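Trainee: Let me begin by handing over the structure; questions about it come next.
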Amino acid sequence: MIDFNSLPLLSKIILVIGFTLGIISLIIFLRYPIMLILMKYSPKYREFIKKTLVTKKPKK
27 MIDFNSLPLL SKIILVIGFT LGIISLIIFL RYPIMLILMK YSPKYREFIK KTLVTKKPKK
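Numbering follows the numbering used here, in which position 57 of the sequence shown is assigned residue number 83; successive positions increment by one, without gaps.
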């Protein structure tokens with residue numbers, strides 16, 4: 027295993043940026059499955075989503 031403290035500064039920065047991008051892309055990718063799981067197990071969240079969708083509908 028590589029010791030993080032022994033790496034040069036540029037390598038540390040690149041490593042941190044890479045992990046950050048990976049975590050952000052994972053959150054974006056899993057956003058809808060997380061919403062579906064929350065809607066299944068939490069009635070309060072389900073009602074919140076319904077109210078949010080009703081308020082976002084364009085009024086004609």
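The beta carbon of each residue, even a glycine, is placed where N, CA and C say it ideally should be.
Here the structure is a predicted model, which is why all the values come from computation and not from measurement.
1. For residue 71, collect the residues of the same chain with a Cβ closer than 7 Å to its Cβ; drop the 5 residues on either side in sequence, then sort them by chain order.
2. I'd like the span of the alpha helix (DSSP H) that includes residue 55, first residue to last.
3. Does DSSP put residue 83 in a helix, a strand or coil?
Mentor: This is what the structure holds:
1. On the sequence shown, residue 71 is found 45 positions in, with the first residue counted as 1. Here the set comprises 64, 65.
2. Looking up residue 55 in the sequence shown gives position 29. From DSSP, the alpha helix (DSSP H) with residue 55 extends over 35 to 55.
3. Here residue 83 refers to the residue found at position 57 when the sequence shown is read from its first residue. Residue 83 falls in the coil class under three-state DSSP.
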